[in-house]
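I have placed the structure first, in the form of structure tokens, so that the comments after it can refer back to it.
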Amino acid sequence: MKPLTFSILRLLNDGEFHSGVAIARNLGVSRASVSLALRGLDEVGLVVHKVHGRGYRLPDPMQWLEREVILQHLGTEAKTFRLEILDAAESTNSLLLQQAAMEMSSGSGGVRVVATELQTGGRGRRGREWHSGLGDGLTFSLLWRFQQGANLLSGLSLAVGVAIARVLQSSGIRGAVLKWPNDVLFHYRKLAGILIELQGDMLGPTVAVIGIGMNLKLSDGIKARIDQGATDLFAITGEMPDRNKLLAALLVELVTVLREFERQGFAPFREEWVHCHGFENKCVTLHLPDGSSQEGVVHGVGEDGSLLLHTPAGNRGYSGGEITLRKVA
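Residue numbering for the sequence shown follows the numbering used here, starting at 491 and increasing by one per position.
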């Protein structure tokens with residue numbers, strides 16, 4: 491999407507009709523440019539009404555991310571973050587990864603966070619695509635600098651899951667559960683996902699880029715592209731949450747969890763994570779990277795975040811980003 495498209499959408503956010511001529515005059519562009527900029531919005535899950543003689547109207551005004559509003563919601567933690575809000579980005583994780591080396595060498599203060607209204611090339615685990623539309627969720631990444639090496643960061647994605655679960659519970663969302671190792675589900679449909687990517691030496695220091703995508707109100711078109719069961723907070727509660735307030739709450743809880751993880755690792759979160767696990771004590775099938783599978787009953791996780799499975803051959807632990815968890819039919 492072009493910058494002009496975002497400018498027009500912000501003009502239309504009052505829910506009233508605006509003629510193409512008025513929009514063009516307001517933004518200093520041609521009438522044809524306005525028409526061209528508003529094409530293909532259905533591809534990002536947005537509907538704009540066009541009525542001859544009246545102009546354009548956004549029937550469902552967007553709730554834009556606003557940096558200053560988010561900083562206000564952050565309260566005393568506002569000084570902790572260097573927050574950037576983008577209209578569009580291919581991938582907030584990729585953007586922060588590109589800047590990671592500069593961040594490490596410069597020693598710049600503050601926790602860098604990038605959030606975007608539209609992510610065009612979002613990624614999930616195992617190269618899967620993360621589908622989202624314009625303003626229909628929260629898509630952001632946080633860069634955290636650990637002094638430890640990557641080998642000491644096992645269980646990080648699970649700790650991040652605990653942070654998300656805490657925020658959902660404090661927001662009145664009951665019934666959301668975690669799925670090993672990095673998903674948040676509601677009624678076994680995906681609500682949010684975590685993607686952590688590391689840069690650095692095995693002995694440290696290590697940069698962790700923590701990407702989070704949470705569905706707030708997906709359009710039918712976006713849902714149709716998702717190849718697994720998905721849900722959103724609007725479907726759960728009947729209301730669109732305050733995006734700025736929710737993002738601030740997630741950031742505050744994330745830094746709380748990351749500070750403790752930096753000191754003590756995953757151990758302090760282990761019991762809480764198991765309590766939130768939607769597959770605990772359930773029969774499951776693990777589909778392993780080599781194409782094989784293993785059936786068993788989930789019995790918690792190890793101190794390193796590995797999944798503990800009771801199998802016919804005894805208790806075994808599984809770890810690594812290539813393992814997926816599925817319910818047995």
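Even glycine gets a Cβ: it sits at the ideal position worked out from N, Cα and C.
Setting aside the 5 residues that flank it on each side, Ile726 is surrounded in the same chain by Ile663 and Phe676, each with a C-beta closer than 7 Å to its C-beta; the list follows chain order.
Listed in chain order, the alpha helix (DSSP H) runs fully inside the stretch 702 to 764 are 710 to 715, 723 to 727 and 733 to 754, counting runs of at least 4 residues. With three or more CB-CB distances shorter than 8 Å, the stretch 680 to 688 counts as touching the stretch 642 to 649. Leaving aside the five residues that flank Val603 on each side, the residues in its chain whose CB is nearer than 8 Å to its CB run, in chain order, Phe571, Arg572, Leu573, Glu574, Phe630, Ser631, Leu632, Leu633 and Leu741. A distance below 8 Å between beta-carbons, with the five flanking residues on each side excluded, links Lys713 to the following residues of its chain, in chain order: Ala720.
Fully contained in the stretch 532 to 597 are the following alpha helix (DSSP H) runs of length 4 or more, in chain order: 557 to 564 and 582 to 596. If you check the CB distance, Val650 and Ile716 do not come in under 9 Å.
Per DSSP, Ser644 has no beta-bridge partner at all. Under the rule that a run must span 3 or more residues, the beta strand (DSSP E) segments found entirely inside the stretch 649 to 677 read 666 to 669 and 673 to 676.
With a beta-carbon spacing of about 19 Å, Leu708 and Asp577 fall beyond the 8 Å limit used to define contacts. It is roughly 31 Å from the alpha-carbon of Leu737 to the alpha-carbon of Met692.
Per DSSP, Leu526 lies in no beta strand (DSSP E) segment; the continuous alpha helix (DSSP H) that holds it begins and ends at Arg521 to Ala527. For Gly505, the closest alpha carbon among the candidates Val519, Tyr546, Ala512 and Gln637 is that of Tyr546.
Within the same chain, and ignoring the five residues on either side of Gly790 in sequence, the residues whose Cβ sits closer than 6 Å to its Cβ are Val764 and Leu798. Contact between the stretch 494 to 505 and the stretch 517 to 524 is present: three or more C-beta pairs spanning the two stretches fall below 8 Å. Annotation: Glu533 to Gly711 spans about 7 Å, alpha carbon to alpha carbon. Bridge partners of Gly600 according to DSSP: none are assigned. Selection Arg635, Ser809, Ser525 and Tyr678 evaluated against Pro779 yields Ser809 as nearest (Cα-Cα). Burial of His767 is indicated by the presence of at least 16 other C-beta atoms within 10 angstroms of its C-beta. Thr495 sits in a helix when the DSSP states are folded into three classes.
DSSP places Ala512 within a helical segment (H, G or I) once states are collapsed to three. Annotation for Ala682: the continuous beta strand (DSSP E) segment containing it runs Arg679 to Gly690. Annotation for Glu556: Ile575 and Asn734 place their beta carbon closer than 8 Å to its own, counting only its chain and skipping 5 residues before and after.
With 16 or more neighbouring CB atoms inside 10 Å of its own CB, Val699 falls in the buried class. Between Leu681 and Asn705, the gap from beta carbon to beta carbon is short of 9 Å. Looking at the DSSP output, Leu797 sits in a beta bridge with Val791 and Tyr808. Closest in alpha carbon position to Glu607, among Val601, Leu642, Met552 and Leu658, is Met552. Looking from the CA of Arg635, the closest CA among Thr696, Leu564 and His777 belongs to Thr696.
Inclusion of Pro802 and Gly792 in the CB contact set at 9 Å is not warranted, their separation being larger than that value.
By the C-beta density criterion, Ser783 is exposed, having fewer than 16 other C-beta atoms within 10 angstroms.
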